[in-house]
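Here the structure comes first, spelled out in structure tokens, and everything after it is commentary.
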Amino acid sequence: MAKLLSINNYHYRRGGSDVVYLEHAALMEEMNWENAFFSMHHPKNIESEWSPYFVDEIEFGHTYSLAEKISMVSKVIYSFEAQKKLRLLMQRYQPDIAHLHCIYHHLSPSIIPELAKAGVPVVMTAHDLKIACPAYKMLNEGGICERCKDGSFLNVIKHRCVRGSMGASAVVAVESMLHYRLKTYRKHVSKVVVPSRFFMEKFIEWGWPREKFTHIPNYVDATRFTPAYQPGDYFLFFGRLAPEKGVNTLIRAAHAAGVTLKLAGTGPEQAMLHALVLELKSDVEFLGYQSGEALHALIRGARAIVLPSEWYENAPMSILESYAFGKPVIGANIGGIPEMIVEGETGWQFESRNVAELSAVLSQVQAMTDDALAALGKAARAMVESRFNRAAYVQATLTMYAELGVKT
Numbered sequence: 212m213a214k215l216l217s218i219n220n221y222h223y224r225r226g227g228s229d230v231v232y233l234e235h236a237a238l239m240e241e242m243n244w245e246n247a248f249f250s251m252h253h254p255k256n257i258e259s260e261w262s263p264y265f266v267d268e269i270e271f272g273h274t275y276s277l278a279e280k281i282s283m284v285s286k287v288i289y290s291f292e293a294q295k296k297l298r299l300l301m302q303r304y305q306p307d308i309a310h311l312h313c314i315y316h317h318l319s320p321s322i323i324p325e326l327a328k329a330g331v332p333v334v335m336t337a338h339d340l341k342i343a344c345p346a347y348k349m350l351n352e353g354g355i356c357e358r359c360k361d362g363s364f365l366n367v368i369k370h371r372c373v374r375g376s377m378g379a380s381a382v383v384a385v386e387s388m389l390h391y392r393l394k395t396y397r398k399h400v401s402k403v404v405v406p407s408r409f410f411m412e413k414f415i416e417w418g419w420p421r422e423k424f425t426h427i428p429n430y431v432d433a434t435r436f437t438p439a440y441q442p443g444d445y446f447l448f449f450g451r452l453a454p455e456k457g458v459n460t461l462i463r464a465a466h467a468a469g470v471t472l473k474l475a476g477t478g479p480e481q482a483m484l485h486a487l488v489l490e491l492k493s494d495v496e497f498l499g500y501q502s503g504e505a506l507h508a509l510i511r512g513a514r515a516i517v518l519p520s521e522w523y524e525n526a527p528m529s530i531l532e533s534y535a536f537g538k539p540v541i542g543a544n545i546g547g548i549p550e551m552i553v554e555g556e557t558g559w560q561f562e563s564r565n566v567a568e569l570s571a572v573l574s575q576v577q578a579m580t581d582d583a584l585a586a587l588g589k590a591a592r593a594m595v596e597s598r599f600n601r602a603a604y605v606q607a608t609l610t611m612y613a614e615l616g617v618k619t
């Protein structure tokens with residue numbers, strides 16, 4: 212029986228990458244693999260027999276003493292604690308392969324050479340652009356940013372790319388410079404899984420060798436989703452209300468098109484967006500954070516789902532989930548989004564940040580007949596079933612593991 216070690220900062224469903232981490236491990240267990248976890252302690256963690264090996268919690272929003280801040284900064288850059296606890300775990304559990312998800316800042320890249328030293332092949336899923344961009348989004352307050360492409364990570368400090376903070380940006384810049392010089396990722400990571408081809412090409416553009424990457428698209432189990440092809444009378448955005456999500460652009464476009472918009476989510480732009488809606492007197496409803504069946508009912512009741520992103524999205528699960536519910540998607544043509552939308556068949560694309568173009572698409576979809584929209588919803592569902600399915604994900608993963616010498 213093959214043995215997998217799954218590694219991620221958080222051991223609960225905090226965000227999309229954490230969901231992939233947990234579901235990937237569960238999927239491999241269903242394939243009769245053994246699995247162990249390595250993560251960080253957190254009050255919301257799912258109970259695990261492996262938690263005694265987890266590292267101490269680091270949360271950047273918390274209040275810390277000066278001594279705690281110094282300790283935290285050192286762990287972000289290079290965590291000896293994470294190395295020690297990982298060694299202890301591997302004394303009990305000898306994995307055939309380790310699959311990393313998001314590890315920087317909390318576990319730190321220092322664990323990667325520790326795995327390599329133990330002879331464990333290392334696979335890492337690139338949920339974001341961190342192995343190229345220190346700030347992991349190629350985004351700052353000025354918009355898309357690729358200034359660090361030449362390896363000069365001082366740009367992170369100069370432009371305060373991490374939360375607009377000089378201090379946080381400096382810590383991340385030092386961490387990135389250290390592991391760039393040590394070649395932590397390039398030397399010790401066997402394969403990088405990229406859910407979108409866009410990410411793979413972007414990494415190659417930044418100097419990574421093509422052979423380092425394996426493209427494995429995300430998937431959803433469509434059997435868990437009951438589709439509702441009948442279109443509703445509103446457009447829906449669900450996700451974080453953050454600048455890079457483009458909700459400001461969406462509100463302005465929906466106002467210009469005269470359509471009803473519902474927003475499910477919370478985030479740092481919430482107050483500003485409320486003010487914008489009051490100023491425009493728009494037909495926009497803020498629903499707050501939604502999850503589970505409440506969110507599913509909102510998706511099933513929508514006319515179409517809108518993803519107005521203004522940053523390099525990877526391969527949004529929100530598109531696949533919307534398709535599984537039988538809903539077409541209107542998406543910005545940025546990052547990996549265009550790979551997932553067949554124009555006029557499963558949805559529509561528009562130029563990112565372009566209010567007029569998005570408004571025109573919203574008006575077009577609003578004017579379509581219910582039968583025409585239902586046909587797109589059915590095509591979207593069929594696309595998930597044929598291209599973004601569990602069987603394809605499993606086969607691609609097992610093939611990659613086998614190529615790294617793991618007997619599957």
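Counting from 1, position 36 in the sequence shown corresponds to residue 247 in my numbering; the numbering is continuous, with no gaps.
Cβ atoms here follow ideal geometry from the backbone N, Cα and C, with glycine treated the same way.
- By the Cβ rule, the stretch 379-388 does not count as touching the stretch 429-438, because fewer than three pairs are nearer than 8 angstroms.
- Look at L452 here: in three-state DSSP terms it is coil, with no helix or strand label.
- For G503, the enclosing alpha helix (DSSP H) starts and ends at 503-511.
- Fewer than three pairs of CB atoms, one per stretch, sit closer than 8 angstroms, so the stretch 449-466 makes no contact with the stretch 548-560.
- Here G457 is not near S533, since their CB atoms are 7 angstroms or more apart.
- Around the beta-carbon of Q302, fewer than 16 other beta-carbon atoms lie within 10 Å, marking it exposed.
- In the DSSP assignment, A247 falls within the beta strand (DSSP E) that extends over 245-249.
- The beta-carbon separation of P442 and D581, rounded to 5 angstroms, stays under the 8 angstroms limit for a contact.
- DSSP, read as helix, strand or coil, puts L311 in strand.
- When the five nearest sequence neighbours on each side are left out, the beta carbons in the same chain lying within less than 6 angstroms of the beta carbon of D339 are those of Y347, in order along the chain.
- For H426, the enclosing beta strand (DSSP E) covers residues 424-426.
- V230 is positioned such that its CB atom lies no closer than 7 angstroms to that of T336.
- With fewer than 16 other CB atoms across the displayed protein chains lying within 10 angstroms of its CB, H252 is exposed.
- Here R592 is buried. Its C-beta has 16 or more other C-beta atoms within 10 Å.
- For M349, the number of other beta carbons within 10 angstroms of its own is at least 16, and it is reported as buried.
- A residue is called buried when at least 16 other Cβ atoms come within 10 angstroms of its Cβ; G503 does not meet this threshold and is exposed.
- Here the stretch 525-544 does not lie against the stretch 387-399, with fewer than 3 beta-carbon pairs under 8 angstroms apart.
- Distance from the CA atom of A571 to the CA atom of A543, rounded to whole angstroms, is 13 angstroms.
- For the 7 angstroms CB-CB criterion, L584 and V517 do not form a contact.
- Leaving aside the five residues that flank R463 on each side, the residues in its chain whose CB is nearer than 6 angstroms to its CB run, in chain order, V566.
- Collapsing the DSSP output to three states places A571 in a helix.
- Note on F265: 16 or more other CB atoms within 10 angstroms of its CB, so buried under the neighbour-count rule.
- DSSP places N459 within a helical segment (H, G or I) once states are collapsed to three.
- With respect to the 7 angstroms criterion, F364 and A384 are classified as neighbours on the basis of their beta carbons.
- In this structure L472 is in contact with A465, their Cβ atoms being roughly 4 angstroms apart against a cut-off of 8 angstroms.
- Take L569, set aside five residues on each side of it, and the residues of its chain with a beta-carbon closer than 6 angstroms to its own are A464, F561, in chain order.
- Proximity to L491 across G469, G512, E480 peaks at G469, based on C-alpha coordinates.
- A straight-line Cα-Cα distance of about 39 angstroms links W261 and I355.
- By the C-beta density criterion, A237 is exposed, having fewer than 16 other C-beta atoms within 10 angstroms.
- Minimum Cα-Cα distance from K328 among the listed residues W417, Q294, A603 corresponds to Q294.
- I510 and E596 have their alpha carbons spaced roughly 18 angstroms apart.
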